[in-house]
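Q: The sequence shown maps to residues 489 to 768 in this note's numbering. Where a beta carbon is used, it is the ideal one built from N, C-alpha and C, also for glycine.
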Amino acid sequence: MDVRYSVNPRDFKRYTTEEVRREFLIEKVFEPDAVTAVYSHVDRMVTFGCMPVSRTVALDDGIDVWHNFGTKYILERREIGIFNVGGPGVITADGAEYRLGYKDCLYVTMGTKDVTFRSEDGSKPAKFYMVSAPAHKACKTTLLTIADARKVPCGSMEQANDRVINQFIHPDVLETCQLSMGMTSLKPGSVWNTMPAHTHERRMEIYFYFEIPDEDVVFHMMGQGDETRHIVMKGEQAVISPSWSIHAGCGTSNYTFIWAMGGENKTFDDMDDLRKTDLK
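(1) Would you report the Cα separation of Asp552 and Leu588, rounded to the nearest angstrom?
(2) Count Cβ pairs between the stretch 652-669 and the stretch 738-755 that sit closer than 8 Å; are there 3 or more?
(3) For Glu585, write down the residues that DSSP places opposite it in a beta bridge.
(4) For Ala736, which residues does DSSP report across the bridge?
(5) Could you give the distance in angstroms between the alpha-carbon of Ser644 and the alpha-carbon of Lys675?
(6) Report all residues from its chain with a CB closer than 6 Å to the CB of Ser528; omit the five preceding and five following residues, and keep chain order.
(7) Indicate whether Cys538 and Val545 have their beta-carbon atoms separated by less than 8 Å.
(8) Return helix, strand or coil for Ile700, following the three-state DSSP convention.
(9) Using the Cα positions of Thr505 and Tyr743, report the straight-line distance between them to the nearest angstrom.
(10) Could you give the residue range of the alpha helix (DSSP H) that holds Pro497?
(11) Tell me whether Asn649 sits in a helix, a strand or coil according to DSSP, three-state version.
(12) Between the alpha carbons of Tyr595 and Val578, how many angstroms are there, rounded?
(13) Hey, Ser673 and Arg691 are a contact pair by Cβ (cut 8 Å); roughly how many whole angstroms apart?
(14) Could you tell me whether the stretch 627-642 touches the stretch 696-708, using the rule of 3 or more Cβ pairs below 8 Å?
(15) Kindly indicate which three-state DSSP category Lys628 falls into: helix, strand or coil?
(16) When you compare each of His624, Phe756, Gln725, Val679 to Leu513 by their alpha carbons, which one comes out closest?
(17) Rounding to the nearest angstrom, what Cα-Cα distance links Thr629 and Pro659 in this structure?
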């Protein structure tokens, strides 16, 4: 397991490009028949990836659960949100099977002991992208298809940010302990996300970018509003955003991204907005 520690925003100002990428960028989310895991000490959020090709893969495959989590199984004190961004796949959670198509989501509650993943067709493997947050209460494991998501249009073509926010693991859609997740799709011709930028001091956020053409990239903006930095990202990569950092991006094409939040609360208007003209 890759462990990332918290970063002081004052120290961050002196980071080189290599250091910024090493601390915040998750370059490789999917590997065949394996689970990747990045543990962030920012709100103790964990990012997982699983691409089963030739076998069924367990969530704890290759992970020293006691050493990394101090529990008997990963979700003993955690909840997790799982999106499929590949071919059709099946998740089994404590014996119950859930079939996920492209862009479908499964919320799995705290206390779920056994979670496994398989693809329906190994030549077109499922790609399960996951984020887990600490939890103190059990909720209901729930499958949410892309059709079930609450659609919130926002932005405009004039500002190059015409997009639809798909709310999946969200207080208006599903009860959870503290995890929130959703997916935002930009329309052709739009390239900006989350602009004007903001921070939310009481919550961190993780972005996972996909549906980026091979020849295109996203410039993900981060840092404090008065001294920003950027990370150049390719498709199927994720980035960790501490609570003190803005999180916005501009692509050389339109794209889709999955956002995940965890922290002090789930109040979506609890944010500190920054005027575009005040960014530096």
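A: Walking through what the data contain:
(1) A straight line joining the alpha-carbon of Asp552 with that of Leu588 spans about 27 Å.
(2) Short answer: they touch.
(3) Answer is Thr580.
(4) According to DSSP, Ala736 shares a beta bridge with Met709.
(5) One alpha carbon belongs to Ser644, the other to Lys675, and they sit about 10 Å apart.
(6) For Ser528, where only same-chain residues beyond five positions count, the Cβ hits under 6 Å are Arg492, Ile728.
(7) Yes, these two residues count as a Cβ contact at 8 Å.
(8) When DSSP states are grouped into helix, strand and coil, Ile700 belongs to the coil group.
(9) Their backbone Cα atoms lie some 24 Å apart in a straight line.
(10) The continuous alpha helix (DSSP H) containing Pro497 extends over residues 497-500.
(11) Correct three-state label for Asn649: coil.
(12) Rounded to whole angstroms, the separation of the alpha carbons of Val578 and Tyr595 is 14 Å.
(13) Contact doesn't hold; Cβ gap of about 22 Å is too wide.
(14) Touching, no.
(15) The answer is coil: DSSP assigns Lys628 none of H, G, I, E or B.
(16) It is Gln725 whose Cα lies nearest to the Cα of Leu513.
(17) Going by C-alpha positions, Thr629 is about 15 Å away from Pro659.
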